[in-house]
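Here the sequence shown stands for residues 24 to 236, where the numbers follow the numbering used here.
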Amino acid sequence: MPAAPPRPRVLPLALVCLLATALIGIATRADVRRPFFQGLDERWLGWMGGPHRGVYEAVATVLNWFGGPLGVVVPLALLVALLVLRRWWSVLYLLTTYLAANMLVVQVLKQVVDRPRPAHPLVRVDHGSFPSGHAAGAATLVVIVGVLLIPLARRRAWWLGGGLFVALMMWSRTWLHAHWLSDTVAGALAGAGTSLLLWWAFAPLLARERRAG
24 MPAAPPRPRV
34 LPLALVCLLA
44 TALIGIATRA
54 DVRRPFFQGL
64 DERWLGWMGG
74 PHRGVYEAVA
84 TVLNWFGGPL
94 GVVVPLALLV
104 ALLVLRRWWS
114 VLYLLTTYLA
124 ANMLVVQVLK
134 QVVDRPRPAH
144 PLVRVDHGSF
154 PSGHAAGAAT
164 LVVIVGVLLI
174 PLARRRAWWL
184 GGGLFVALMM
194 WSRTWLHAHW
204 LSDTVAGALA
214 GAGTSLLLWW
224 AFAPLLARER
234 RAG
């Protein structure tokens with residue numbers, strides 16, 4: 024499972040994602056009930072109304088589970104595979120990135136921003152609407168798998184498919200009235216930015232591991 028090296032633009036892209044997350048967070052914290060983009064959030068949430076059943080409900084329910092405890096299965100399976108292969112730097116990248124994005128960045132932002140969720144969510148939710156942990160987790164997983172498993176020749180297709188997966192996760196969170204649209208945007212940016220930044224930081228170590236293997 025050779026990990027292809029990062030492109031030179033990975034660091035600027037990571038910083039842009041994290042800066043955008045911070046700016047959205049600052050704007051939200053300035054007025055948690057009515058940030059300047061609240062009108063767009065409410066308009067989007069209105070489009071997510073209507074009957075919540077059928078195929079849409081099934082897709083949103085699966086994604087809700089995947090973003091919860093069920094979603095740990097994929098990184099755990101990858102972790103076991105990397106341990107068996109003794110790819111220690113890949114193991115460290117996986118653990119550091121997963122914990123930093125999902126446990127540190129997302130949870131700190133939830134506590135600091137403290138934004139109320141939309142009324143009447145259709146699934147059980149925890150404290151803090153901003154940012155979306157499901158969207159952050161999806162983006163983080165896409166980057167981790169892309170870094171550790173996808174060869175360079177297939178990586179563009181992976182990013183495209185992964186982007187569609189993240190967008191679908193963002194849709195599901197708003198369709199379930201669990202998040203505002205801006206929460207999901209910030210979550211995806213936070214997950215992607217953290218993962219890309221750590222990819223850049225780990226790149227020399229992953230390259231050494233790749234050459235040794």
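Virtual Cβ for every residue (Gly too), placed ideally from N, Cα, C.
Residue i vs residue j beta-carbon contact at 8 Å
i, j, result
"L101", "L171", "yes"
"R56", "P141", "no"
"A213", "T44", "yes"
"H157", "M192", "yes"
"I47", "A159", "no"
"L122", "S113", "no"
"I167", "P98", "yes"
"T119", "L199", "no"
"H75", "L183", "no"
"V129", "P154", "yes"
Same chain only: Cβ atoms within 7 Å of residue i, ignoring 5 sequence neighbours per side
i, result
"S152", "R138, P139, R140, H202, W203 and D206"
"F59", "A50"
"G94", "G160"
"Y79", "W198"
"H143", "H200"
"G62", "none"
Contact set for residue i: own chain, Cβ-Cβ below 6 Å, skip 5 residues either direction
i, result
"R52", "V136"
"L86", "M192 and S195"
"G91", "none"
"D64", "W203, L204 and S205"
"K133", "G151"
For residue i, three-class secondary structure by DSSP
i, result
"A142", "coil"
"G169", "helix"
"L199", "coil"
"M71", "coil"
"F225", "helix"
"H157", "helix"
"P58", "coil"
"D149", "coil"
"R76", "coil"
Cβ-Cβ separation, residue j to residue i (assumed contact under 8 Å), whole Å
i, j, result
"Y116", "L229", "6 Å"
"A162", "A215", "4 Å"
"W223", "V39", "In fact, because the Cβ distance is near 13 Å, the residues do not count as touching under 8 Å."
"M71", "T197", "5 Å"
"R110", "E232", "6 Å"
Sequence-distant residues of the same chain with beta carbon closer than 8 Å to residue i, five excluded per side
i, result
"F188", "A161 and V165"
"L21", "Given that the chain is displayed from residue 24 to residue 236, the structure contains no residue 21 and the question cannot be resolved."
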